[in-house]
Amino acid sequence: MMIATARSMLWLLATDTSRLRKCLVGARAGRTRRALPGAAAATGVRIIAQCIIPCGVRAIVEATCRGHVRNFARRFFAMTAAAVREPVFWRAGLRIEPIAPAEIGVYRSYLQRSESASTEVPLKTSTGKLGRRTAVRRAHALLQLVDRANAAEIGHDETSSYARRYTMDHDPPADDRAAFARLCAAIFANGIGFNAVRNHREALDAAFDLFDPTRVARYDDARIDAILRQPIICDRAKVAACVENARRWLACAADEGTYLGRVARCAAQDDAAVGWPALVELLRSDFVRVAEMTARQVLKRWGFFTALSHPGGKRCLERLGLMAPQAPAPAAQQFIGAIAGAGGRDPYALEASFVLFSTIGPCRTRPLCLRCPLAERCPAAQLEAAPPRPAASSTAAKSA
Numbered sequence: 373m374m375i376a377t378a379r380s381m382l383w384l385l386a387t388d389t390s391r392l393r394k395c396l397v398g399a400r401a402g403r404t405r406r407a408l409p410g411a412a413a414a415t416g417v418r419i420i421a422q423c424i425i426p427c428g429v430r431a432i433v434e435a436t437c438r439g440h441v442r443n444f445a446r447r448f449f450a451m452t453a454a455a456v457r458e459p460v461f462w463r464a465g466l467r468i469e470p471i472a473p474a475e476i477g478v479y480r481s482y483l484q485r486s487e488s489a490s491t492e493v494p495l496k497t498s499t500g501k502l503g504r505r506t507a508v509r510r511a512h513a514l515l516q517l518v519d520r521a522n523a524a525e526i527g528h529d530e531t532s533s534y535a536r537r538y539t540m541d542h543d544p545p546a547d548d549r550a551a552f553a554r555l556c557a558a559i560f561a562n563g564i565g566f567n568a569v570r571n572h573r574e575a576l577d578a579a580f581d582l583f584d585p586t587r588v589a590r591y592d593d594a595r596i597d598a599i600l601r602q603p604i605i606c607d608r609a610k611v612a613a614c615v616e617n618a619r620r621w622l623a624c625a626a627d628e629g630t631y632l633g634r635v636a637r638c639a640a641q642d643d644a645a646v647g648w649p650a651l652v653e654l655l656r657s658d659f660v661r662v663a664e665m666t667a668r669q670v671l672k673r674w675g676f677f678t679a680l681s682h683p684g685g686k687r688c689l690e691r692l693g694l695m696a697p698q699a700p701a702p703a704a705q706q707f708i709g710a711i712a713g714a715g716g717r718d719p720y721a722l723e724a725s726f727v728l729f730s731t732i733g734p735c736r737t738r739p740l741c742l743r744c745p746l747a748e749r750c751p752a753a754q755l756e757a758a759p760p761r762p763a764a765s766s767t768a769a770k771s772a
């Protein structure tokens, strides 16, 4: 066990399972928890607080440097692999952020909220009669039909490819450069959509030096003019906003070391269950051309799943009678997370299935209920197919 010295620092360590699979439950969660003290003793790191959630581990540790925390994480991965029967696959990236001693209470509360939130997902169905487990089981059965319908529409390979792209677009960024690139992508997508940005991705990366904020912050008017001559989305206001935001990014990151560190500090005091409102306001105040919807799009693409609900996915849940029509967006995301956990799937990949079903499938804004394979199980489709009731006046005339 490490003897604390004056040079020791407090650190927040966050690591997630690959694709956010909720596999750390039951006995596996217990073995994972028991591997932490052994890894700490072997690497000279002291654990202050810890929590195991179904898709990852969060811990507050005391160590002399970031490298020691990284060594502790690697030893923990090795000890976990030896302790569980089926291997646990972890994300390649680690979140390691310094913690000021005065803020240790805030981060302890964050760990407590994370653990408590992972054990119970608030859910309210449209009928109020279905329990959480019943609704999740029903949704999982319907999801299988949704997947079959998507595959029948565009083919199994394209369906799987779309799910992979959707998941990769929302993976938590590994560093500030990747996070800044997604902020700029959301700004460019305003009014034209992310598909248009994706079609220009290589040209944008080349024009903006792979969106390195340190380089972008040095662009002058001549460089902006040169960028606008490239085969990209030629919108001077958006290009200028990205340059200005690079300067603001560096200024905001100066105190924390990285901007993602600033985000982590704010997230520790925010609430995922209501859609991360503090993080939304942070982005709106830190950057230009970032309204609430853009801020939520950025957060969603930084891995904050409950920040935004895809309107098509939420529409599917409502029409299938799995959620109340007026349910808030974070509730829809929590429900999708519960379905994903029950089926061992990635939440983003599962959401992608509903998104496809609501865009190229029958559950569009104007639904095609007659060709929908879920019509017999869908309350909205049954209502659509029901014959219209006679008007009260015509009924009265017949009786007279």
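For the working numbering, add 372 to where a residue sits in the sequence shown, where the first one is 1.
The beta carbon of each residue, even a glycine, is placed where N, CA and C say it ideally should be.
For the candidate residues the options, whose alpha-carbon lies nearest to that of residue i?
| i | options | result |
| --- | --- | --- |
| Asp-593 | Arg-509, Leu-483 and Arg-608 | Arg-608 |
| Ala-645 | Leu-576, Ala-703 and Glu-748 | Ala-703 |
| Pro-700 | Pro-683, Gly-716 and Gly-713 | Pro-683 |
| Leu-514 | Leu-740, Pro-739, Asn-617 and Ser-725 | Ser-725 |
| Asn-571 | Val-670, Ala-557 and Leu-582 | Ala-557 |
| Arg-749 | Ala-639, Val-727, Thr-415 and Leu-689 | Leu-689 |
| Asn-562 | Val-662, Leu-466 and Ala-714 | Val-662 |
| Pro-544 | Pro-697, Gln-669 and Ala-401 | Gln-669 |
| Glu-616 | Pro-719, Ala-412, Ile-432 and Arg-590 | Arg-590 |
| Glu-487 | Cys-427, Arg-738 and Tyr-534 | Cys-427 |
| Gly-716 | Cys-395, Thr-630 and Ile-419 | Cys-395 |
| Arg-536 | Ala-640, Arg-736 and Asp-718 | Asp-718 |
| Thr-666 | Ile-419, Ala-399, Ala-472 and Phe-566 | Phe-566 |
| Ala-472 | Leu-517, Asp-627, Val-569 and Glu-530 | Asp-627 |
| Val-652 | Leu-555, Cys-735, Met-695 and Thr-506 | Leu-555 |
| Asp-643 | Tyr-479, Asn-443 and Gly-439 | Tyr-479 |
| Pro-470 | Val-518, Arg-438, Asn-443 and Arg-485 | Arg-438 |
| Ile-425 | Asn-443, Arg-485 and Ala-412 | Arg-485 |
| Ser-532 | Cys-735, Tyr-720 and Lys-610 | Tyr-720 |
| Ser-481 | Ala-639, Ile-564 and Leu-517 | Ala-639 |
Please report the distance separating the alpha-carbon of residue i from that of residue j.
| i | j | result |
| --- | --- | --- |
| Ala-753 | Cys-744 | 8 Å |
| Phe-580 | Val-588 | 6 Å |
| Arg-637 | Val-441 | 18 Å |
| Glu-434 | Val-417 | 6 Å |
| Arg-691 | Gly-733 | 14 Å |
| Ile-599 | Arg-520 | 44 Å |
| Phe-560 | Ile-605 | 7 Å |
| Ala-650 | Arg-687 | 26 Å |
| Ala-511 | Ala-578 | 43 Å |
| Asp-658 | Ala-623 | 10 Å |
| Arg-678 | Met-451 | With the sequence shown as reference, residue 678 is identified as Thr, and Arg is not the correct amino acid for it. Thr-678 and Met-451: Cα-Cα distance of roughly 32 Å. |
| Cys-423 | Leu-755 | 46 Å |
| Cys-741 | Ala-524 | 16 Å |
| Val-775 | Trp-674 | The structure shown does not extend to residue 775, since the chain spans only 373 to 772, so no value can be given for it. |
| Gly-527 | Arg-620 | 44 Å |
| Thr-387 | Gly-410 | 17 Å |
| Leu-582 | Leu-746 | 44 Å |
| Gln-641 | Gln-602 | 42 Å |
| Pro-751 | Asp-529 | 30 Å |
| Gly-629 | Arg-738 | 49 Å |
| Arg-505 | Glu-574 | 44 Å |
| Ala-399 | Trp-648 | 31 Å |
| Ala-625 | Glu-664 | 21 Å |
| Tyr-538 | Ala-412 | 36 Å |
| Ala-696 | Arg-656 | 30 Å |
| Phe-707 | Ile-564 | 29 Å |
| Asp-597 | Arg-736 | 41 Å |
| Arg-595 | Val-569 | 21 Å |
With residue i and residue j assumed to form a contact (beta carbons below 8 Å), what rounded beta-carbon distance in angstroms separates them?
| i | j | result |
| --- | --- | --- |
| Asn-522 | Phe-729 | 6 Å |
| Val-727 | Gly-693 | That belief does not hold up - the Cβ atoms of Val-727 and Gly-693 are roughly 19 Å apart, past 8 Å. |
| Leu-632 | Ala-551 | 6 Å |
| Arg-403 | Ala-453 | With 8 Å as the limit, Arg-403 and Ala-453 do not qualify as a contact, their Cβ atoms being about 10 Å apart. |
| Asp-548 | Pro-585 | 7 Å |
| Ala-714 | Val-508 | 5 Å |
| Trp-383 | Ile-476 | With a Cβ gap of about 11 Å, Trp-383 and Ile-476 do not count as contacting. |
| Ala-712 | Leu-722 | 5 Å |
| Leu-483 | Ala-445 | In fact, because the Cβ distance is near 16 Å, the residues do not count as touching under 8 Å. |
| Gly-546 | Gly-465 | Here residue 546 is Ala; the residue named in the question, Gly, does not match the sequence. Contact holds; Cβ gap of about 4 Å. |
| Ser-681 | Gln-698 | In fact, because the Cβ distance is near 13 Å, the residues do not count as touching under 8 Å. |
| Ser-380 | Thr-415 | With 8 Å as the limit, Ser-380 and Thr-415 do not qualify as a contact, their Cβ atoms being about 14 Å apart. |
| Ile-419 | Ala-431 | 6 Å |
| Val-660 | Ala-618 | At roughly 11 Å, the Cβ-Cβ gap does not stay under 8 Å, so Val-660 and Ala-618 are not in contact. |
| Ala-421 | Phe-448 | About 15 Å; that fails the 8 Å criterion. |
| query | In chain order, which continuous runs of the alpha helix (DSSP H) of length 4 or greater are located wholly inside the segment 391–434? | reply | 398–415
| Should the segment 382–399 be regarded as contacting the segment 451–461, the criterion being three or more beta carbon pairs within less than 8 Å? | yes
| Ranges of the beta strand (DSSP E) found wholly within the segment 657–708, counting only runs of at least 3 | none
| query | Enumerated in chain order, which unbroken segments of the alpha helix (DSSP H) with a length of 4 residues or greater are wholly contained in the segment 565–640? | reply | 566–571, 573–579, 585–588, 593–600, 608–625 and 631–639
| In chain order, which alpha helix (DSSP H) runs of at least 4 residues are fully inside the segment 512–570? | 528–541 and 548–561
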